[in-house]
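Residue numbers (the working numbering), protein chains in the order written: chain A, 335 to 545; chain B, 335 to 545. Working notes, structure below.
Number of protein chains: 2
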Amino acid sequence: MKRILVFEDNPNYRKNLAELLRTEPDFTVVGEFSDCRQIKNQVEFARPDLVLLDIDMPHVDGLQGLFILKQNFPAVRAMMLTIFDDNEKVFNAICLGADGYLLKDTAPEKIIAAIHELFDGGAPMTPAIARKVLQIFPRAGFRASREDYFLTEKEREVLAHLVAGLSYKMVASEMEVSINTVRTHVSGVYSKLKVHSVSEAVAKAIREQIV
Amino acid sequence: MKRILVFEDNPNYRKNLAELLRTEPDFTVVGEFSDCRQIKNQVEFARPDLVLLDIDMPHVDGLQGLFILKQNFPAVRAMMLTIFDDNEKVFNAICLGADGYLLKDTAPEKIIAAIHELFDGGAPMTPAIARKVLQIFPRAGFRASREDYFLTEKEREVLAHLVAGLSYKMVASEMEVSINTVRTHVSGVYSKLKVHSVSEAVAKAIREQIV
DNA sequence: CCTTTCTTCACATCATCATGTGAAAATTTT
DNA sequence: AAAATTTTCACATGATGATGTGAAGAAAGG
């Protein structure tokens, strides 16, 4: 039984949507709201598996709601259901971790199918949205296939702390080991990444998303 | 009438695929090849609207082929049709500008439907692929509205050199100033970026694209 | 012209980092 | 059980970085 929470400001559309969802035997609508002002509390209370989000809503809109949701409940799925298909909105939604993106002109049966697909591990999107998503990438510039530097767990941990801006001393206290141990791990990182300073290691780690 | 070019090394699958495509009245298969070695010439000659690309092929594989294709004929659509669904391959294909990505276990009629969808402006993807595509984004981190730290020209230059991994001494010789001057600029950068080490400055510079 | 900001450089001192050697204990793999 | 790898720690030395003070010429803006 999948619990669904709906955020949509248009009362008619919201009502129709909730009714549609209720026709499915394995869906339960555990709440309907007209904006995201209380989304944190509402999700906490209703414990949904999926949140459907309109974007254009008063006070706190769907993108802000999505942000709050994913910050506090990253495991709860979120699907945007909106009239907006401009690059900006789509891009932001994807960056904020939306799990699906449908346009409101999608046929009711397709909406139901999309939700099922989402629960099956898919990421339902209107074809036009899918195209926009793909087109956002190449703009970011191609990146060579990511190399694996075979860092050990501790080496990766040390590197992560350095990336966060900590000094050896701070890393040592953070990891509860001696500073000499930190040195050893750093040496390992250096030889594997072929760098010779913290800043080079940090730069490489960030750019190649090693951490 | 849509012209389609096929790159696929398995002779049986290639044959079946070509036959499948020929069953559609508005598709024409204008060529079939078992690797991408001559893709530039072949596309130039055949003038396809769409290229179907397997990934695992000898000599020059589908990703390399995609690269060559999009470099030379950005308007020609490309759809990957492969058994690979790992993040690496998907990510690279998307970055190189693939317009669609299907797995080979897709049913024949779905393949046909996907191609039509692609010509209609969509971006057909297997649901699992769509999910991977969405998941690649948040890792890139949301770009907050870029702050302006009002670095001076020299400060920016020094920072750029530090990001490139140079030491103070090397920066000094590179910029042909004394090491003390470099120190001064670094101090300026630190107070403006509110950091206290090279590595923090480098991390911030890369992440917020200051350089 | 005067003021402000930027750029340049010096000196000093303490903290931190880079690099090498050596080695024991814990863990994983074979 | 033996071998390989990882994790832990120590010591030492030279290099580099962090921070502060002080100051003078150049460039930009009012």
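For glycine and all other residues, C-beta sits at the position ideal for the given N, C-alpha and C. Since this is a predicted model, take the numbers as computed values, not measurements.
Should residue i and residue j be called a contact, given that it needs their Cβ atoms to be closer than 8 Å?
i, j, result
"residue 409 of chain B", "residue 434 of chain B", "no"
"residue 398 of chain A", "residue 370 of chain A", "yes"
"residue 524 of chain A", "residue 535 of chain A", "yes"
"residue 492 of chain A", "residue 516 of chain A", "yes"
"residue 387 of chain B", "residue 414 of chain B", "yes"
"residue 374 of chain B", "residue 402 of chain B", "yes"
"residue 453 of chain B", "residue 336 of chain B", "yes"
"residue 499 of chain B", "residue 521 of chain A", "no"
"residue 339 of chain B", "residue 382 of chain B", "yes"
"residue 455 of chain A", "residue 465 of chain B", "yes"
"residue 495 of chain A", "residue 505 of chain A", "yes"
"residue 367 of chain B", "residue 341 of chain B", "yes"
"residue 354 of chain A", "residue 449 of chain A", "no"
"residue 380 of chain B", "residue 412 of chain B", "no"
"residue 358 of chain A", "residue 461 of chain B", "no"
Using a beta-carbon distance below 8 Å, is residue i in contact with chain B?
i, result
"residue 465 of chain A", "yes"
"residue 534 of chain A", "yes"
"residue 541 of chain A", "yes"
"residue 462 of chain A", "yes"
"residue 459 of chain A", "yes"
"residue 476 of chain A", "For residue 476 of chain A, the predicted model reports a pLDDT of 44, less than 50, meaning its position is unreliable; a value from the coordinates is still stated below. It does: the Cβ of residue 476 of chain A has a partner Cβ on chain B nearer than 8 Å."
"residue 506 of chain A", "no"
"residue 537 of chain A", "yes"
"residue 420 of chain A", "no"
Among the options, whose alpha-carbon lies nearest the alpha-carbon of residue i?
i, options, result
"residue 483 of chain B", "B/367, B/498, B/529 and B/401", "B/529"
"residue 440 of chain B", "B/417, B/381 and B/455", "B/417"
"residue 531 of chain B", "B/362, B/451 and B/502", "B/502"
"residue 430 of chain A", "B/437, B/508, B/447 and B/468", "B/468"
"residue 396 of chain B", "B/372, B/380, B/378 and B/382", "B/372"
"residue 438 of chain B", "B/463, B/450 and B/421", "B/463"
"residue 378 of chain B", "B/407, B/459, B/486 and B/351", "B/407"
Just mark residue i as buried or exposed, buried being the case when its beta carbon has 16 or more other beta carbons within 10 Å.
i, result
"residue 480 of chain B", "Low per-residue confidence applies at residue 480 of chain B: pLDDT is 48, beneath 50, and the placement is therefore not dependable enough to give any value."
"residue 543 of chain A", "exposed"
"residue 393 of chain A", "exposed"
"residue 447 of chain B", "exposed"
"residue 425 of chain B", "buried"
"residue 540 of chain A", "buried"
"residue 443 of chain B", "exposed"
Flag residue i as yes if its beta-carbon sits less than 8 Å from any beta-carbon of chain A, otherwise no.
i, result
"residue 428 of chain B", "yes"
"residue 451 of chain B", "yes"
"residue 387 of chain B", "no"
"residue 497 of chain B", "yes"
"residue 473 of chain B", "Its pLDDT being 48, under 50, residue 473 of chain B is placed unreliably in this model, and the value from its coordinates should be taken loosely. Closer than 8 Å to some Cβ of chain A, the Cβ of residue 473 of chain B qualifies, so yes."
"residue 433 of chain B", "yes"
"residue 399 of chain B", "no"
"residue 396 of chain B", "no"
Going along the region 511-532 of chain A in order, which residues come within less than 9 Å of chain B, judged by CB to CB distance? Those residues of the region 511-532 of chain A that come within reach of chain B (Cβ to Cβ, closer than 9 Å) are 529, 530, 531 and 532.
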